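S.K.: Okay, here's the structure, questions in a sec.
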Amino acid sequence: MGESVPRSAEVVIVGAGSTGLSIAYHLASLGVRDVVVVDRLGIASGSTGRSAGGIRQQFASEVNVRLSLYSVQAYERFKEEVGQDIDFRQYGYLFLATTPEEVEAFSTNVALQQSLGVPVRLIAKEEAKEIVPQLHVGDVLAATFCPTDGYADPYSVAMGYAAAARRMGVSIVEGVEVTGIKVTRGRVTSVVTGKGEISTHTVINAAGPWAGVIGRMAGVDLPIQPFRRQVFVTGPFDKLPERLPMVIEFRTHFYFRREGPGILFGMTDPDEPPGFHTHVDWAFLEKVLARAVHRVPVFAEASVHRGWAGLYDTTPDDNPILGKIPEVEGFIVAAGFSGHGFMHAPAVGRCIAEIVVFGEAKTVDISSLSYGRFVQGGRGRELYVI
Ligand SMILES: Cc1cc2nc3c(=O)[nH]c(=O)nc-3n(C[C@H](O)[C@H](O)[C@H](O)COP(=O)(O)OP(=O)(O)OC[C@H]3O[C@@H](n4cnc5c(N)ncnc54)[C@H](O)[C@@H]3O)c2cc1C
34 MGESVPRSAE VVIVGAGSTG LSIAYHLASL GVRDVVVVDR LGIASGSTGR
84 SAGGIRQQFA SEVNVRLSLY SVQAYERFKE EVGQDIDFRQ YGYLFLATTP
134 EEVEAFSTNV ALQQSLGVPV RLIAKEEAKE IVPQLHVGDV LAATFCPTDG
184 YADPYSVAMG YAAAARRMGV SIVEGVEVTG IKVTRGRVTS VVTGKGEIST
234 HTVINAAGPW AGVIGRMAGV DLPIQPFRRQ VFVTGPFDKL PERLPMVIEF
284 RTHFYFRREG PGILFGMTDP DEPPGFHTHV DWAFLEKVLA RAVHRVPVFA
334 EASVHRGWAG LYDTTPDDNP ILGKIPEVEG FIVAAGFSGH GFMHAPAVGR
384 CIAEIVVFGE AKTVDISSLS YGRFVQGGRG RELYVI
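Under the numbering used here, the residues of the sequence shown are numbered 34 to 419, in order.
Here it is, written out as structure tokens:
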């Protein structure tokens, strides 16, 4: 807190979530240290601080699997490399298929994931029940399990990247709002904040659910919309295993995992309209609990202690927009993560830093995630969106 707003910088990053801070850390690691991260509120105050923290390699597209493979390894060595314990628990992700179409999609996707080196398996419902004996599997047709998936603490990841970036010279200014981006003859020239202007030639939009607002400041119409997502946590509950994987019922997106002595759980509300509000809808909890008791009957004995809501930054194909915006020189976007931005933060940070330094991403080929796909009508939708 309390850092003043510099008058100029080589790179300005809007947003101090796991995305913006990973970019800052990777830029500084590559030698670009004249970097300012600006956040309206503070580190991890957006989606990052409200995330369920899930980290998985089970995706339907090669680019997402590759972003995950890099990120899982980065999270495994995070403490040693970045200097922060992030409580990464690799207890696995167990996806449950309850329709024949899902079984077919799982088979295709497992083949893709295995071909890229993910230790995932398509398993029978009996094996799913061996992993989590309390599951009701009467209506389950098949499942997939990847033991190296898991979850970590997003707040610690953000703080770890922030501290390491600061040690290398990056400024992180909190409580300062970006209110404008000046573009002259098609090129970014400065970022306007509530506490003065920062002259720069490179702005990175890592504003998560607010990325559309930041895009409009630069005259770019990004197809990114905010959608509320709610999470609940039970009190201490010992009727489920200690080493509980993240379990996901694919059809309803009902999921749960352990959170300390309790259980963290949530579900997507298909009727949720776009919007920025984040109040908890306790009536929705009843629907989630009904699903929970169907899938795990002992859930009926749990008591819910708290809940919160955050925002997904969603694009029409549930994939992020990564890279330069050709129409505005110096304007780079890393947003639209549609619910999987935390798990991909290490790889995305590295790739965006490479774009700044080398002109293109080298760690993973992210060209299919460019803004241009919406202009050209591009690629397919990501199926694994929870
Ligand atoms: C309930 C929930 C569960 C989730 N579960 C998972 C999960 O299991 N796994 C996973 O990978 N992802 C999950 N996500 C998504 C994940 O949290 C995000 O994709 C990820 O944290 C990346 O966030 P970000 O840094 O891009 O954006 P954010 O963390 O939202 O950061 C954006 C920042 O921009 C700042 N900002 C906005 N406007 C301005 C402005 N005008 N000026 C200055 N600053 C501004 C905000 O204050 C904010 O801090 C979940 C999200 C939610 C809400």
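Glycine included, C-beta positions come from ideal geometry on N, C-alpha and C.
Keep in mind that this is a model prediction, so the values were computed, not measured.
1) Say the cut is 7 Å; is the CB of I247 nearer than that to a heavy atom of ligand 1?
2) Identify the residues that DSSP records as bridge partners of G343: which are they?
3) Tell me which residue opens and which closes the alpha helix (DSSP H) that K162 is part of.
4) For the alpha helix (DSSP H) containing T52, list its first residue and its last residue.
5) Just to check my reading of the structure: D182 and I88 have Cβ atoms closer than 8 Å, yes? What is that Cβ distance to the nearest angstrom?
6) Below 7 Å, is the gap between the Cβ of R83 and the nearest heavy atom of ligand 1?
7) Return yes when the C-beta of M201 is under 7 Å from any heavy atom of ligand 1, and no when it is not.
8) Which residues share a DSSP beta bridge with S41?
9) For M279, which residues does DSSP report across the bridge?
10) Who are the Cβ neighbours of S55 in its own chain at under 7 Å, not counting the five residues just before and after it?
11) By the DSSP assignment, the beta strand (DSSP E) with F298 in it spans what residues?
12) For Y404, does the three-state DSSP call read helix, strand or coil?
13) Quick one: using the 10 Å Cβ neighbour count with 16 as the cut-off for buried, is T235 buried or exposed?
14) Please report how far the alpha carbon of A485 lies from the alpha carbon of Y184, in whole angstroms.
15) Quick check on DSSP: helix, strand or coil for I46?
16) Indicate, with yes or no, if ligand 3 has a heavy atom lying under 7 Å from the CB of F283.
17) Residues in the same chain with beta-carbon distance under 8 Å from M34, minus the five sequence neighbours each way, listed in chain order, please.
18) Per DSSP, what are the beta-bridge partners of S223 in this structure?
19) Tell me whether G245 is buried or exposed, calling it buried when 16 or more other Cβ atoms sit within 10 Å of its Cβ.
20) Taking 8 Å as the threshold, find out whether the stretch 284-297 comes into contact with the stretch 384-399 through three or more Cβ pairs.
21) Helix or strand or just coil, what does DSSP make of H338?
22) What is the rounded straight-line gap between the Cα of R40 and the Cα of V225?
23) Is it the case that the stretch 59-78 contacts the stretch 89-102, given that we only count it when at least three CB pairs across the two stretches are under 8 Å?
24) Under 8 Å, do T132 and R328 count as touching if we go by C-beta distance?
25) So, using beta-carbon positions, are E292 and V266 closer together than 8 Å?
26) Quick check: is any heavy atom of ligand 1 less than 7 Å from the C-beta of T52?
27) How many whole angstroms separate the CB atoms of T396 and G369, which I take to be in contact at a CB cut-off of 8 Å?
28) Using the beta-carbon count (16 or more within 10 Å), is S422 buried or exposed?
29) Let me check understanding here. Comparing Cα to Cα, which of M250, G202 and M201 lies closest to T222?
30) In three-state terms, what does DSSP make of F111?
31) Can you tell me which of the three DSSP states G369 falls into?
32) Are the Cβ atoms of G50 and G79 separated by less than 8 Å?
33) Rank E305, V408 and E275 by C-alpha distance to the C-alpha of P166 and give the top, closest one.
M.R.: For this structure:
1) The residue labelled residue 247 in the question sits at position 214 within the sequence shown. At least one heavy atom of ligand 1 lies less than 7 Å from the C-beta of I247.
2) Here residue 343 is taken as the residue at index 310 of the sequence shown, counted from 1. Answer by DSSP bridge pairing, in chain order: R262.
3) Locating residue 162 in the sequence shown gives position 129, where the first residue counts as 1. Its alpha helix (DSSP H) spans residues K158 to I164.
4) Here residue 52 corresponds to residue number 19 of the sequence shown, with the count starting at 1. According to the DSSP assignment, T52 belongs to the alpha helix (DSSP H) that extends over S51 to S62.
5) Numbered from its first residue, the sequence shown carries residue 182 at position 149. Numbered from its first residue, the sequence shown carries residue 88 at position 55. About 6 Å separates the two Cβ atoms, so the contact holds.
6) Counting from one through the sequence shown, the residue named residue 83 turns up at place 50. Relative to ligand 1, R83 has its C-beta within less than 7 Å of a heavy atom.
7) Within the sequence shown, residue 201 is the residue found at index 168, counting from 1. For ligand 1, not one heavy atom lies less than 7 Å from the Cβ of M201.
8) Counting from 1 along the sequence shown, the entry for residue 41 is found at position 8. According to DSSP, which records beta bridges pairwise, S41 is partnered with S232.
9) Locating residue 279 in the sequence shown gives position 246, counting from the first residue. Checking the DSSP bridge columns, you'll see M279 partnered with Y126.
10) Position 22 of the sequence shown, counted from the first residue, corresponds to residue 55. Taken in chain order, the residues that qualify are Y194, A378, P379, V381 and G382.
11) Position 265 of the sequence shown, counting from 1, holds the residue named residue 298. Note, F298: beta strand (DSSP E), G295 to G299.
12) Here residue 404 refers to the residue found at position 371 of the sequence shown. It is coil, neither helix nor strand.
13) For this step, residue 235 is matched to residue 202 along the sequence shown. Counting Cβ neighbours within 10 Å, T235 comes out buried, since at least 16 surround it.
14) A question about residue 485 goes unanswered here, because the residues of the chain that appear run from 34 up to 419.
15) As a first step, residue 46 must be located in the sequence shown, where it is residue number 13. In this structure, I46 counts as strand in the three-state DSSP scheme.
16) No copy of ligand 3 appears in this structure; the ligands present are ligand 1.
17) Residue 34 sits at position 1 when you count from the first residue of the sequence shown. Reliability of the predicted coordinates at M34 is poor, the pLDDT of 49 falling under 50, and no value is obtained from them.
18) In the sequence shown, the residue the question calls residue 223 occupies position 190. As computed with DSSP, S223 is found in a beta bridge with K215 and S232.
19) Locating residue 245 in the sequence shown gives position 212, where the first residue counts as 1. Around the C-beta of G245, 16 or more other C-beta atoms lie within 10 Å, and the residue is accordingly described as buried.
20) Touching, no, given that fewer than three Cβ pairs across the two stretches are closer than 8 Å.
21) Counting from 1 along the sequence shown, the entry for residue 338 is found at position 305. If DSSP states are grouped into helix, strand and coil, H338 belongs with the strands.
22) Taking the sequence shown and counting its residues from 1, the one referred to as residue 40 is at position 7. Taking the sequence shown and counting its residues from 1, the one referred to as residue 225 is at position 192. Put simply, the backbone Cα of R40 is about 10 Å away from that of V225.
23) Pairwise C-beta distances place the stretch 89-102 out of contact with the stretch 59-78, as fewer than three of them are shorter than 8 Å.
24) For the purposes of this step, residue 132 is taken as the residue at position 99 of the sequence shown. For the purposes of this step, residue 328 is taken as the residue at position 295 of the sequence shown. It is not a contact, given that the beta carbons lie outside the stated cut-off.
25) In the sequence shown, residue 292 corresponds to position 259, counting from 1. In the sequence shown, residue 266 corresponds to position 233, counting from 1. Between E292 and V266, the C-beta spacing is below 8 Å.
26) The residue given as residue 52 occupies position 19 in the sequence shown. At least one heavy atom of ligand 1 is nearer than 7 Å to the Cβ of T52, so yes.
27) Numbered from its first residue, the sequence shown carries residue 396 at position 363. Numbered from its first residue, the sequence shown carries residue 369 at position 336. The pair is not a contact, with the Cβ atoms about 19 Å apart (cut-off 8 Å).
28) With the chain running from 34 to 419 in the structure shown, residue 422 is simply not present.
29) Numbered from its first residue, the sequence shown carries residue 222 at position 189. Checked all of M250, G202 and M201; the closest Cα to T222 is M250.
30) Position 78 of the sequence shown, counting from 1, holds the residue named residue 111. In this structure, DSSP gives F111 a helical state, which the three-state scheme calls helix.
31) For the purposes of this step, residue 369 is identified with residue 336 of the sequence shown, where counting begins at 1. Collapsing the DSSP output to three states places G369 in coil.
32) In the sequence shown, residue 50 corresponds to position 17, counting from 1. In the sequence shown, residue 79 corresponds to position 46, counting from 1. Yes, these two residues count as a Cβ contact at 8 Å.
33) The residue labelled residue 166 in the question sits at position 133 within the sequence shown. With distances taken between Cα atoms, P166 lies closest to E275.
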